[in-house]
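Enquirer:
Protein chains: 2
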Amino acid sequence: MKRPTIADVARRAGVSKGAVSYALNGQPGVSEATRQRILAIATEIGFSPSSAARALSGATARAIGLILARPARTLGIEPFFMELISGVEAELSARSYALTLQVVADQNAEIAVYRRWWGERRVDGVLICDLRTDDGRVPVLEELGLPAVVIGGPTGTGGLPSVWSDDAAALVETVEYLYALGHRRIARVGGLPELQHTAIRTQAFTEVCRRLGLAEAVTASSDYTGEEGARATRRLLSSRVRPTAMIYDNDVMAIAGLSVAQEMGLAVPADLSIVAWDDSPLCRLVHPPLTALSRDIPAYGAHAARQLMQLIEGSPTGGLEDEAPQLTPRGSTGPAPGNR
Amino acid sequence: MKRPTIADVARRAGVSKGAVSYALNGQPGVSEATRQRILAIATEIGFSPSSAARALSGATARAIGLILARPARTLGIEPFFMELISGVEAELSARSYALTLQVVADQNAEIAVYRRWWGERRVDGVLICDLRTDDGRVPVLEELGLPAVVIGGPTGTGGLPSVWSDDAAALVETVEYLYALGHRRIARVGGLPELQHTAIRTQAFTEVCRRLGLAEAVTASSDYTGEEGARATRRLLSSRVRPTAMIYDNDVMAIAGLSVAQEMGLAVPADLSIVAWDDSPLCRLVHPPLTALSRDIPAYGAHAARQLMQLIEGSPTGGLEDEAPQLTPRGSTGPAPGNR
DNA sequence: CTGAAAGCGCTTACAG
DNA sequence: CTGAAAGCGCTTACAG
């Protein structure tokens with residue numbers, strides 16, 4: 013089956029190729045009656061303009077890129093990325109933009125792909141995740157002039173617009189909530205320390221603990237896997253004065269922490285309160301269900317995609333502060349031991 | 013910054029554009045010395061050939077498509093898709109192929125996107141997931157002549173090659189293992205009944221139970237969410253003669269089932285044995301860790317991608333049977349009650 | 001081994 | 001409002 017081209021539509025409509033192009037793209041230059049006739053014929057013979065030809069004649073590639081630079085084993089277990097992608101897609105598909113996804117080993121590989129995509133004109137813009145402190149991708153994207161929106165921030169994004177949420181505020185709210193429940197020894201299992209949002213949360217944690225006069229404000233670092241979450245929990249719960257509340261930087265580690273607590277004979281929340289960052293269906297699967305910091309991740313992705321579309325279309329955009337994560341109390345948090 | 017074109021490379025090398033093209037694509041027609049000089053210049057000025065121009069002049073788009081037609085909420089919680097994608101990517105990136113990903117609401121939307129991609133020449137081929145019994149995508153892809161590999165099967169794929177694993181054999185092995193442990197009342201919480209692999213598993217389950225003389229071979233249907241897994245478990249465990257072992261079609265439902273058992277005061281595995289299909293790190297996070305049917309999902313994705321590459325390059329391919337899922341016993345299965 | 005040229009299928013000024 | 005034509009950046013026969 014030969015794929016129809018614009019010439020086929022033009023011939024059947026008895027007009028020039030230019031007229032078909034104008035009709036399809038909603039440009040002035042054809043009468044309304046002609047436009048309708050052309051559109052009907054295009055639909056009838058199943059014509060879609062070649063994306064390559066369009067891109068080559070100066071229009072856009074109608075595709076954006078997203079690169080994930082995490083090991084496959086941590087990508088799969090975190091619902092975050094799939095939820096983000098589905099939100100991005102919702103925004104893109106409304107405009108028939110495609111999403112080009114790539115999974116790479118590290119940031120150098122990621123940067124190489126940006127350079128290649130730029131040279132190939134394969135994408136009109138990119139969304140970048142997992143912002144690091146002093147992120148090497150930012151200057152490269154700025155140098156290339158490849159439109160980019162950072163998912164994260166708001167600092168360290170150079171001149172790139174970002175879509176971000178106020179993690180510091182959410183962390184402060186969480187610690188104050190635990191403090192109100194009587195907790196005085198609060199520990200935290202943080203994510204990869206080189207990630208910007210980890211640093212923001214760690215700093216907020218340290219500051220609010222100091223302000224409230226909590227001495228033992230330990231943050232353990234991890235790689236988001238259940239194994240590391242369990243190991244960090246075991247270590248913290250084995251310390252001389254063990255914490256009565258723990259905050260985890262993702263749901264998988266929180267669930268692993270819950271298991272460790274149970275294995276060590278501690279009741280949750282009677283002996284230990286647990287809070288998970290990034291709510292997910294997993295948090296409601298376990299017993300007790302986990303108190304979590306919830307946010308609408310698909311919406312987050314959709315907002316980032318919308319900002320990028322704007323940027324590609326040439327409207328300046330200053331980025332967007334999304335809603336801060338909401339503390340959603342469930343069964344895993346309660347009054348501190350000896351405080352009931 | 014203006015992006016360099018093939019003409020820039022040709023000018024600096026003092027050759028024609030044709031010569032540059034031959035050099036870059038490893039075609040005969042240039043001397044080795046010239047080729048090396050051209051390649052060095054291309055690297056130096058950061059030249060990558062425009063994917064649009066390449067695609068337009070008859071070469072391939074160097075992209076394949078993958079469409080996921082599941083609701084966002086079930087996409088995120090199942091590690092399956094991300095693991096599959098990371099395996100696909102590993103195969104693609106070695107050849108600098110891009111992956112175009114789309115998330116749609118239903119199969120009609122999916123078919124519409126295939127038609128559009130074909131018309132746009134946006135992808136050279138597609139990978140299709142979640143094969144249904146009497147799947148509407150198969151005849152459309154065959155009619156279009158869009159190269160496609162089915163992830164699933166091996167039946168119901170029409171003339172399309174498929175990469176599949178022997179789910180029936182794995183299910184039989186599982187039931188026989190539970191039977192050997194003394195279980196005589198085994199129930200199953202299956203996935204979406206319209207999916208081909210669900211049907212295959214259900215049929216295998218029914219047959220092996222009949223062969224072993226197990227009367228109560230109930231299969232409950234579900235949508236893979238924890239909520240439905242929990243509901244089905246509650247219903248099955250409340251029946252007059254409750255099962256002593258349960259098999260779940262995904263890990264999330266198995267974890268939900270474990271929670272329900274605990275909530276109903278049943279010890280796992282003393283009162284109830286649990287088996288999860290598709291092992292994942294989640295299965296090792298809970299207590300007891302779940303016995304599971306494990307397979308290498310990234311490898312599965314990589315194999316499918318490789319088959320598709322072959323198909324695109326014109327080599328006929330008959331599909332591939334991947335390894336059957338392996339039963340991995342952990343703490344959630346044990347002797348049937350009264351059989352210890 | 002190399003160069004000049006046609007052509008892929010669009011978009012978009014430029015004439016009429 | 002419409003048509004003829006140039007041009008996007010490649011690839012690939014076709015001459016030399």
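Protein chains in written order, with our numbering: chain P, 13 to 352; chain L, 13 to 352.
The beta-carbon is built from N, C-alpha and C at its ideal position, and this holds for glycine as well.
On the DSSP bridge list, what partners appear for Y260(P)?
Expert: V201(P) and A288(P)
Enquirer: For the region 103-114 of chain P against the region 277-295 of chain P, are there 3 or more C-beta pairs whose distance is under 8 Å?
Expert: no
Enquirer: Within this structure, are the beta carbons of G10(P) and E155(P) separated by less than 7 Å?
Expert: Any answer about residue 10(P) is impossible in this case: the structure gives chain P only from 13 up to 352.
Enquirer: Exposed or buried, which one is P40(L) when buried takes at least 16 other CB atoms within 10 Å?
Expert: exposed
Enquirer: Pick out whichever of D179(P), S250(P), G202(P) and D142(P) has its Cα sitting closest to the Cα of D118(P).
Expert: D142(P)
Enquirer: Would a check of beta-carbon distances place E95(L) closer than 7 Å to chain P?
Expert: yes
Enquirer: Whole angstroms are fine: how far does the CA of A268(P) sit from the CA of E239(P)?
Expert: 7 Å
Enquirer: Under a CB-based cut-off of 7 Å, is G203(L) close to chain P?
Expert: no
Enquirer: Considering only their Cβ atoms, is the gap separating A192(P) from T256(P) smaller than 7 Å?
Expert: no
Enquirer: List the residues that DSSP assigns as beta-bridge partners of T112(P).
Expert: Per DSSP, the beta-bridge partners of T112(P) are G77(P) and T112(L).
Enquirer: Taking the Cβ atom as the reference point for each residue, do A73(L) and A64(L) lie within a distance shorter than 7 Å?
Expert: Against a cut-off of 7 Å, the Cβ pair of A64(L) and A73(L) comes out as no contact.
Enquirer: Just mark S344(P) as buried or exposed, buried being the case when its beta carbon has 16 or more other beta carbons within 10 Å.
Expert: S344(P) is buried by the Cβ-count criterion.
Enquirer: Using a C-beta cutoff of 7 Å, does H315(L) count as contacting chain P?
Expert: no
Enquirer: Specify, as a first and last residue, the run of the alpha helix (DSSP H) that S33(L) falls within.
Expert: K29 to L36
Enquirer: Closest to A242(L) by CA distance: which of G148(P), H299(P), I79(P) and V162(P) is it?
Expert: H299(P)
Enquirer: Using beta carbons (cut-off 7 Å, strictly below), is R247(P) in contact with chain L?
Expert: no
Enquirer: Could you tell me which uninterrupted beta strand (DSSP E) segments, each at least 3 residues in length, are contained entirely in the region 215-283 of chain L, listed from first to last along the chain?
Expert: Listed in chain order, the beta strand (DSSP E) runs fully inside the region 215-283 of chain L are 257-260, counting runs of at least 3 residues.
Enquirer: Enumerated in chain order, which unbroken segments of the alpha helix (DSSP H) with a length of 4 residues or greater are wholly contained in the region 126-167 of chain P?
Expert: 149-156
Enquirer: Would you say E132(L) faces chain P, with C-beta separation under 7 Å as the test?
Expert: yes
Enquirer: Got a sec? Which residues, its chain only, sit under 6 Å from Y236(L) by beta carbon, not counting five neighbours each side?
Expert: These residues qualify, in order along the chain: T86, G203 and N262.
Enquirer: Between the Cα of A232(P) and those of M258(P), P205(P), V201(P) and R15(P), spot the shortest distance and give me the residue it belongs to.
Expert: V201(P)
Enquirer: Leaving out five residues on either side along the sequence, give the residues of the same chain with a beta carbon under 6 Å from the beta carbon of V230(L).
Expert: A199
Enquirer: Is it buried or exposed, A22(P), if we count other Cβ atoms within 10 angstroms and call 16 or more buried?
Expert: Counting of Cβ neighbours within 10 angstroms places A22(P) among the buried residues, the total reaching 16 or more.
Enquirer: Rounded to the nearest angstrom, what separates G38(L) and I309(P) at their Cα positions?
Expert: 45 Å
Enquirer: Under 7 Å between the Cβ atoms of I89(P) and P293(L)?
Expert: Yes, the pair counts as a contact, with Cβ atoms nearer than the cut-off.
Enquirer: Determine, using beta carbons only, whether I89(P) comes closer than 7 Å to chain L.
Expert: yes
Enquirer: How about T55(L): is its C-beta nearer than 7 Å to some C-beta of chain P?
Expert: no
Enquirer: For A65(P), go through chain L and note every residue whose CB falls closer than 9 Å to its CB, in chain order.
Expert: A64, A67, L68 and R133
Enquirer: Give the straight-line distance between the Cα atoms of R49(P) and A121(L), rounded to the nearest whole angstrom.
Expert: 25 Å
Enquirer: Residues of chain P with CB closer than 9 Å to the CB of V184(L), please, in chain order.
Expert: Per Cβ cutoff of 9 Å: no residues; V184(L) is ~27 Å from chain P at best.
Enquirer: How is T340(L) classed by DSSP in three states: helix, strand or coil?
Expert: Of the three classes helix, strand and coil, the one that applies to T340(L) here is strand, per DSSP.
Enquirer: Tell me, please, whether the CB atom of P337(P) is closer than 7 Å to any CB atom in chain L?
Expert: no
Enquirer: In chain P, what lies closer than 8 Å to R296(L) by C-beta?
Expert: G238
Enquirer: By DSSP's criteria, V175(P) is part of a beta bridge. Which residues make up the other side?
Expert: I163(P) and L332(P)
Enquirer: So G131(P) packs on G58(L), CB below 8 Å; how close in whole Å?
Expert: 6 Å
Enquirer: Do V272(L) and R246(L) have their CB atoms nearer than 7 Å?
Expert: yes
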